[in-house]
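A.B. asks: Its first residue numbered 14, the sequence shown is counted upward by one per residue in my numbering.
Glycine is no exception: its CB is placed at the ideal position from the N, C-alpha and C atoms.
This structure is a prediction, so every number in the text was calculated from the model and none was measured.
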Amino acid sequence: MSLLYRVARLLDRVSPAPVAYAHCDIPCGIYDPHHAQMAAHTVVRMVDLINQLEKPGTSSTPEQRQEYTNKLARYIATKEQHSEIAKHEVRVLWGDYFKPDHLKTFPELNDLIWKALKAGSKARQEISLQAAEDLLKATNDIASIYWKTKGLETMRVKAPYPTERETSMGVPAPWTAERRTRGPARPRR
14 MSLLYRVARL LDRVSPAPVA YAHCDIPCGI YDPHHAQMAA HTVVRMVDLI NQLEKPGTSS
74 TPEQRQEYTN KLARYIATKE QHSEIAKHEV RVLWGDYFKP DHLKTFPELN DLIWKALKAG
134 SKARQEISLQ AAEDLLKATN DIASIYWKTK GLETMRVKAP YPTERETSMG VPAPWTAERR
194 TRGPARPRR
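#1: Pick helix, strand or coil for K112, following the three-state DSSP scheme.
#2: Closest Cβ-Cβ distance between L125 and chain C: below 8 Å?
#3: Could you round the C-beta distance between L122 and A151 to whole angstroms and report it? I think they count as a contact, below 8 Å.
#4: Assign S270 to one of three DSSP states: helix, strand, or coil.
#5: Hey, quick one: how far does the alpha helix (DSSP H) through E80 stretch, first residue to last?
#6: Short of 7 Å in beta carbon distance, which residues of its chain neighbour A132, apart from the five on each side in sequence? Order them along the chain.
#7: If contacts are defined as beta-carbon pairs under 8 Å, then R178 and H54 qualify, I think. What distance do you get, rounded to the angstrom?
#8: CB-CB under 6 Å to Q138, same chain, minus the five flanking residues each way: which ones, in chain order?
#9: Return the Cβ separation of T180 and N153 in integer angstroms, given the expectation that the two are a contact with Cβ distance under 8 Å.
#10: Is R169 helix, strand or coil by DSSP?
#11: How about T162 and H101: are their beta carbons less than 8 Å apart?
#12: Anyone know if the C-beta pair for R78 and P69 falls short of 8 Å?
#13: Work out the CA separation of R19 and P113 for me, nearest whole Å.
#14: Kindly indicate which residue of Y44, T176, V170 and W160 has the alpha-carbon position closest to the one of A186.
#15: Report the residue from R104, S157 and A156 whose alpha carbon sits nearest the alpha carbon of S134.
#16: Return the Cβ separation of V60 and L142 in integer angstroms, given the expectation that the two are a contact with Cβ distance under 8 Å.
Structure representation (structure tokens):
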């Protein structure tokens, strides 16, 4: 045992360091529900693509059957991967970002997170548009709460993705529904 180690142990016994608590793994980390929402949109898109696949008939060539099998396998793998990404991102927000004060303000948050995780599991296990849409709805609802904790208004807009479903966004106060009806702000001169 080195002298330095003994001195450090003695100092720790005489005057122990206070315990430091951080709200996240890397203090002041950057959190955003966007990744969960994007993953959920991807799950919806993969289910849409799977449902649009034309099954090869009895007169199909081996190449057509192989192409169908390859596309189906890729769509399913992507759907499962993004279901898990959505669940992971929701867990990070729940475990690292949301605090007890947020739960007081939004008492439905725990139940909503639980539903999102269950929807993610179901979307991963099944080829179900309803399960995929449930996951997307839950991630959008969580995003709305997240943005409200940041002091922003929220609005649902049609996402610019092939899913053509809604996505929840946080917007500064001037961009609320009233501003949307008047059009973009004009620069001041």
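C.D. replies: Once the coordinates are examined:
#1: DSSP, reduced to helix, strand and coil, places K112 outside both helices and strands of the structure shown, so it counts as coil.
#2: In the structure shown, chain C does not exist; there is a single protein chain.
#3: Going by Cβ atoms, the distance from L122 to A151 rounds to 11 Å, so no, they are not a contact pair.
#4: One cannot answer for residue 270 here, as it falls past the ends of the chain, which runs 14 to 202.
#5: Here the alpha helix (DSSP H) through E80 covers P75 to V105.
#6: Excluding its 5 nearest sequence neighbours in each direction, A132 has C-beta neighbours in its own chain below 7 Å: A144, D147, L148 and A151, listed in chain order.
#7: Yes, R178 and H54 are in contact; Cβ-Cβ is about 7 Å, under 8 Å.
#8: Within the same chain, Q138 has no close Cβ partners at all.
#9: Rounded to whole angstroms, the Cβ separation of T180 and N153 is 6 Å, and the two are in contact under 8 Å.
#10: If DSSP states are grouped into helix, strand and coil, R169 belongs with the strands.
#11: It is not a contact, given that the beta carbons lie outside the stated cut-off.
#12: Their beta carbons are under 8 Å apart, which means R78 touches P69 by this criterion.
#13: Taking the straight line joining both Cα atoms gives about 40 Å.
#14: That would be W160, whose Cα lies nearest to the Cα of A186.
#15: For S134, the nearest C-alpha among the options comes from R104.
#16: Contact between V60 and L142 is confirmed by a C-beta separation of about 5 Å, below the 8 Å threshold.
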